[in-house]
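**Q** Attaching a single structure in structure tokens format; questions to follow.
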Amino acid sequence: MKVTVVGAGNVGATCADVLAHREIANEIILLDIKEGFAEGKALDVWQSSPIGMYDSRTIGSTNDYGMTAGSDVVVITSGLPRKPGMSRDDLIATNAGIVKSVTENIIKHSPDAIIIVVSNPLDVMTYCAYLSAKVDSSKVFGMAGILDTARYKAFLATELNVSPKDIQAVLMGGHGDTMVPLPRYTTVGGIPVTELIEKDKLDAIIERTKFGGGEIVKLLGTSAWYAPGAAAAQMVEAIVRDQKRVFPVCAWLNGEYGMNDIYLGVPVILGKKGIERIIELDLNADEKQLLEESAVAVKSVMDVLDGMNVA
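Counting in this note's numbering, the sequence shown tops out at residue 899, every number present.
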């Protein structure tokens, strides 16, 4: 198995490192436009293999897409990182051009690859990659829900003083302030979370989750990378090992949840074919309203991309 990670910045390098340590692929290509950057990161990861006791070979390349040929899965992390005071929407013009170029080069050398998009603004960059790849939507999707759900679970684990391993949860909608956490589908060891925490505390955790990315930006001065990188690696693992995992991902909707022609976070079954099935939850009226509001926000940014004629 061969996996390529495009973009050797913090998120991409973290993803490659997790993939290597977990031996998810035999060969991991790390590619970046900056001279020597990917080579250095990849060499550092490879040199930790005797310590971490893994065999996955990590190889870096400066903008040589020929090195990525025959990749089974490609993770795109390229793009301008979000800075303090910037919204994800501010990034669209620059990052759309980058994602379009990367996607076209990837498809040229690996036409059967499954593409996972991590670049921001996530939902619209996934849409950009889909338009550029010109392949079935089941093979182009975005990493958002796993990261958002992880933040939600981590905050709950802290508040309840329990292991995050015992928390199951689902988040839907756009990646950002309009995401839709679903307390009704949140359990701790099979126990509904609403039986373990007061409503006001749960509401506060939900609000913190919605702005989880911004919280990291304010603290670090740049976007998060450990959790996003690990989340992308978990998606790669589900595909490479055909695990049939149920994950929330940014997927193309064709009638599901009454929506069409939009990339939005929904639960799916992830396996060797990519998105093998979109799961439709029986949402109540309030949940449907929140999802529809999130879709309106995402669609407005997609419309901006359409107007730019980038992809």
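We put the beta carbon where it would ideally sit given N, CA and C, even for glycine.
Should isoleucine 755 be labelled buried (16 or more other beta-carbon atoms within 10 Å of its own) or exposed?
**A** buried
**Q** Can you give the Cα-Cα distance for tyrosine 851 and serine 720, rounded to whole angstroms?
**A** 14 Å
**Q** Taking contact to mean at least 3 C-beta pairs separated by less than 8 Å, is the segment 644 to 653 in contact with the segment 624 to 632?
**A** yes
**Q** Name the two residues that bound the continuous beta strand (DSSP E) containing arginine 865.
**A** 862 to 866
**Q** Among Pro771, Val594 and Arg610, whose alpha-carbon lies nearest the alpha-carbon of glutamate 627?
**A** Cα-wise, what sits closest to glutamate 627 is Val594.
**Q** Need the endpoints of the beta strand (DSSP E) that glycine 859 sits in, please.
**A** Per DSSP, the continuous beta strand (DSSP E) segment holding glycine 859 begins and ends at 848 to 859.
**Q** Just to confirm the assignment, what range does the alpha helix (DSSP H) spanning proline 816 have?
**A** 814 to 828
**Q** To the nearest whole angstrom, what separates the beta carbons of methionine 713 and asparagine 683, a pair I think is in contact under 8 Å?
**A** 6 Å
**Q** Give a yes or no on whether the C-beta atoms belonging to glutamate 687 and serine 659 are separated by under 8 Å.
**A** The sequence given here places valine at residue 687; glutamate does not occur at that position. No.
**Q** Per DSSP, what are the beta-bridge partners of valine 728 in this structure?
**A** Ile703
**Q** Beta carbon of leucine 619, beta carbon of threonine 665: below 8 Å?
**A** Not closer than 8 Å, so no.
**Q** Buried or exposed for proline 780, going by 16 or more other Cβ atoms inside 10 Å?
**A** That one is exposed.
**Q** Strictly by DSSP, which residues pair up with glutamine 756?
**A** Thr775
**Q** Looking at C-alpha atoms only, which residue of Ala883, Gly802, Leu807 and Arg829 is the closest neighbour of tryptophan 840?
**A** With distances taken between CA atoms, tryptophan 840 lies nearest to Ala883 out of Ala883, Gly802, Leu807 and Arg829.
**Q** Quick one: using the 10 Å Cβ neighbour count with 16 as the cut-off for buried, is alanine 757 buried or exposed?
**A** buried
**Q** Where DSSP assigns a beta bridge to threonine 592, which residues make up the other side?
**A** Ile617 and Val662
**Q** Give the DSSP bridge partners of asparagine 842, in chain order.
**A** According to DSSP, residue pairing for asparagine 842 in a beta bridge involves Asn848.
**Q** Within the continuous beta strand (DSSP E) that includes phenylalanine 645, where are the two ends?
**A** The sequence given here has arginine at residue 645, not phenylalanine. It spans 645 to 650 - the beta strand (DSSP E) in which arginine 645 sits, taken as one unbroken run.
**Q** Enumerate in chain order the residues of its own chain whose CB-to-CB distance from alanine 717 is below 7 Å, with the five nearest sequence positions on each side excluded.
**A** Ile664, Val687, Thr691, Ile703, Val705 and Val728
**Q** First and last residue of the alpha helix (DSSP H) that includes asparagine 532?
**A** The structure shown does not extend to residue 532, since the chain spans only 589 to 899, so no value can be given for it.
**Q** Should leucine 790 be labelled buried (16 or more other beta-carbon atoms within 10 Å of its own) or exposed?
**A** buried
**Q** Just the C-alpha distance for lysine 668 and leucine 735, rounded to the nearest angstrom, thanks.
**A** Correcting the residue type first, residue 668 is leucine in the shown sequence and not lysine. Cα to Cα, the separation comes out at about 19 Å.
**Q** I think valine 828 touches alanine 613, with their Cβ atoms under 8 Å apart; what is that distance to the nearest whole Å?
**A** 6 Å
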